[in-house]
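Visitor: Residue numbers (the UniProt record's numbering): 1 to 739.
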């Protein structure tokens, strides 16, 4: 094969990587998912190159196999290591070990895993092909046709073989597309094809055919849907494979003419030569740089290309020079070569670590694991009975068998499973370690929950069988420690102490350093240490909201108890009526109807008995005796020695111990105001009670009509329209009946 033809193949490789980068940037009208076409170009070229640059008979030597693996692995592993450094800045929870072992991949590393897996089996494939050629005398043309036919016929079965790659989701093993390239390589090596294609009129006819197919594709592109998930893919993908196969075919036989001459253009060939670096680097750089769309395409391309060239010059070439010397020494060693044996042993150790990492069933308690194509962590815990993951989850084949390994826990466990595409009220029978635990019906939200006594978790392992009546798709699973909650205890959502997260069935993202983001909806189950004899007050605090006001809806045991819109506030307190609390279990649902996917970044929460207020009692805002502060859901600073500063707005809820039979009089005192006159506005149930400006006075009294006090609950809202961030340093407050 001439140098011109090799350079031209780099040009085809460049077309593939440019297509991939444009697809990820959504440039030039490409939609999400259409970049997969560029990956198929790489798969074809991988198979094609495997035939052209490797001689089958050489794989009988273990030294050659060791040298083959060294060259292939050292070609990609340095670039993969550099990509790990980039991903550290993109994903806070990045797993470098999973990236290097292809068991928890990020970005485009799933594609590299496909190539590496093919390279691992390539020696065996070459030996089988050489056996067929020698023993059966099969010519190259028939061999290529047979490989293509087998890959085409077994494509549906191969599509069922998927690779688990962690955060990167799951991917089918695209070995059939690589085999198409292998078939094309043997067709090109056929002496019959070589004799025919050398005729000038045949070359002109083939070039015309290729141009015609390309025109049909461009003109008819509106008739095709290039998204991989579309049913129309069955029409378009074979068509694209045919076009690129013909392009590779013509390039191989027309080294000095069209299209090889055009594809051999030096800038295009340079991009193709750096294709592995571009593939690994462009996505993390795209995440780090605020660029997207067609106008930033060339900028991302240039930055990624420069980084790839730098790595190639400083790292890859230096390693290759060293490797070349090692390989030459291996080939000239007589007898047993210790380096070759060592390389094969290290490869075996590496493959074993990949297997063990991929099949590690270690589970972190209180964490949700998914079974869908986009959230695949739960697949590690599958023993059997679950099919290929789909977009929404994994199909259960009558019985699903799961196994969880976790750290020692003294608590019972609450197992929570969510389902999709399951008939309402479908029965699911649950077995734990072979014992029948019971059966449940799936509720309207698609969840089942069952308690697993601690006796089943003594050896830190749990085997669960789900017997489903009818078809069902398993979405996620979660094992919650059954900790009883002591009223008055602060629960935090932080990464260091994600105590509150352990009480949520669903709806929370993984805990971050200071908070945990809630999604569009979340459900919390609190087993209480005692049955409360009063109403309960739930205090919620969060660190941030999305860029616009958000609405929160809270339900207790299916009954709405709170609805509010928040814009600048970072806390609220809501009352849970005692009659909604059945036994010692509290079920709360949080909904954010107008929210984006992320709504509230919760920091802490607390549930406590409601303290009733006795009419005539004086409440203090002073540190050490801040009895008034507990009735404010937001709007107050930290209590100081003599007072508590009010902020720009505040809300106070007073549950009254006595039934209200008359109007109420509120007296409010403060120690100081800001350096200029301040205006205070007080409302109750939307009715204005006070709108007054204060300069020197340090107390005020206003009357609340009896009609505004509902169910012995007094709700006051304070606003300071003309105020600085701090307005009044409150000292005391009292409420009395008007006689």
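In this text, a Cβ means the ideal position worked out from N, Cα and C, and glycines have one as well.
Here the structure is a predicted model, which is why all the values come from computation and not from measurement.
Is the beta carbon of residue 193 closer than 8 Å to that of residue 51?
Guide: no
Visitor: Between residue 278 and residue 8, how many whole angstroms is the CB-CB distance? I'm expecting something under 8 Å.
Guide: Contact doesn't hold; Cβ gap of about 18 Å is too wide.
Visitor: Between which two residues does the beta strand (DSSP E) containing residue 422 stretch?
Guide: It is not in any beta strand (DSSP E) - residue 422 carries neither H nor E in the DSSP assignment.
Visitor: Going by beta carbon distance, what residues of the same chain come within less than 6 Å of residue 220, once the five residues before and after it are set aside?
Guide: Bear in mind that a pLDDT of 49 at residue 220, under 50, signals an unreliable position, so the number given afterwards is only what the model happens to contain. Closer than 6 Å at the Cβ level, and outside the excluded window around residue 220, lies no residue.
Visitor: Tell me whether the beta-carbon of residue 17 lies closer than 8 Å to the beta-carbon of residue 271.
Guide: Contact: yes.
Visitor: Given this structure, state the Cα-to-Cα distance separating residue 407 from residue 366, to the nearest angstrom.
Guide: In a straight line, the C-alpha of residue 407 is about 12 Å away from that of residue 366.
Visitor: With a Cβ-Cβ cutoff of 8 Å, do residue 731 and residue 651 count as a contact?
Guide: no
Visitor: Under the three-state reduction of DSSP, which class applies to residue 373: helix, strand or coil?
Guide: coil
Visitor: Out of 644, 559, 377 and 603, which one is the CA nearest neighbour of residue 501?
Guide: 603
Visitor: Would you decide whether residue 154 is buried or exposed? Buried here means 16 or more other CB atoms lie within 10 Å of its CB.
Guide: exposed
Visitor: Suppose you measure from the CA of residue 6 to the CA of residue 128; what does that come to, to the nearest Å?
Guide: So the two alpha carbons sit approximately 27 Å from each other.
Visitor: Below 6 Å CB to CB, which residues in the same chain sit around residue 722 once its five sequence neighbours on both sides are set aside?
Guide: 679
Visitor: Take every Cβ of the stretch 692 to 699, pair it with every Cβ of the stretch 606 to 615, and state whether three or more of those distances are shorter than 8 Å.
Guide: Segments in contact, no.
Visitor: Look up residue 649 in the DSSP assignment and say whether it is helix, strand or coil.
Guide: strand
Visitor: So, helix, strand or coil for residue 749, using DSSP?
Guide: Residue numbering for the chain in the displayed model covers 1 to 739; residue 749 lies beyond these limits and cannot be assessed.
Visitor: By the 10 Å Cβ neighbour count, where 16 or more other Cβ atoms means buried, how is residue 157 classified, buried or exposed?
Guide: exposed
Visitor: Within the stretch 446 to 508, note down every full beta strand (DSSP E) run reaching 3 residues or more, in order along the chain.
Guide: 447 to 452, 461 to 468, 472 to 481, 490 to 492 and 504 to 508
Visitor: Check for me: the alpha helix (DSSP H) holding residue 801 runs from which residue to which?
Guide: Any answer about residue 801 is impossible in this case: the structure gives the chain only from 1 up to 739.
Visitor: Check whether the stretch 372 to 382 and the stretch 470 to 480 are in contact - that is, three or more C-beta pairs closer than 8 Å.
Guide: Taking a cut-off of 8 Å for Cβ pairs, the stretch 372 to 382 and the stretch 470 to 480 touch, as three or more such pairs fall below it.
Visitor: Quick check on the burial criterion: 16 or more other C-beta atoms within 10 angstroms. Buried or exposed for residue 273?
Guide: buried
Visitor: In angstroms with no decimal places, state the Cα-to-Cα distance between residue 702 and residue 667.
Guide: Here the C-alpha atom of residue 702 lies approximately 7 Å from the C-alpha atom of residue 667.
Visitor: If you drop the 5 nearest sequence neighbours on each side, which residues of the same chain put their C-beta closer than 6 Å to that of residue 563?
Guide: 553
Visitor: Figure out for me which residue from 692, 152 and 709 has the closest Cα to the Cα of residue 719.
Guide: 692
Visitor: In angstroms with no decimal places, state the Cα-to-Cα distance between residue 83 and residue 112.
Guide: 12 Å
Visitor: Run through the DSSP bridge pairs and tell me what residue 613 is partnered with.
Guide: Here residue 613 is bridged, per DSSP, to 656.
Visitor: Are residue 449 and residue 505 closer than 8 Å when you measure CB to CB?
Guide: Taking the C-beta atoms as reference points, residue 505 is found nearer than 8 Å to residue 449.
Visitor: Taking residue 706 as the reference, give the member of 734, 739 and 733 with the closest Cα.
Guide: 739
Visitor: How long is the line joining the alpha carbons of residue 440 and residue 478, rounded to whole angstroms?
Guide: 17 Å
Visitor: Residue 187 to residue 142, Cα distance in whole Å?
Guide: 8 Å
Visitor: Taking DSSP as the reference, what is the three-state secondary structure of residue 600?
Guide: strand
Visitor: Give a yes or no on whether the C-beta atoms belonging to residue 589 and residue 555 are separated by under 8 Å.
Guide: A contact, by the Cβ cut-off of 8 Å.
Visitor: By the 10 Å Cβ neighbour count, where 16 or more other Cβ atoms means buried, how is residue 485 classified, buried or exposed?
Guide: buried
Visitor: Quick one: measure Cβ to Cβ for residue 644 and residue 654, integer angstroms, because I've assumed they're closer than 8 Å.
Guide: That belief does not hold up - the Cβ atoms of residue 644 and residue 654 are roughly 16 Å apart, past 8 Å.
Visitor: I'd like to confirm the pairing. Which residues does DSSP put opposite residue 525 in its beta bridges?
Guide: Paired residues: 587.
Visitor: Applying the criterion that 16 or more other CB atoms from any shown protein chain within 10 Å of the CB defines a buried residue, is residue 41 buried or exposed?
Guide: buried
Visitor: Which runs of the beta strand (DSSP E) at least 3 residues long sit entirely within the stretch 664 to 706? Give them in chain order.
Guide: 664 to 673, 678 to 684, 687 to 694 and 699 to 704
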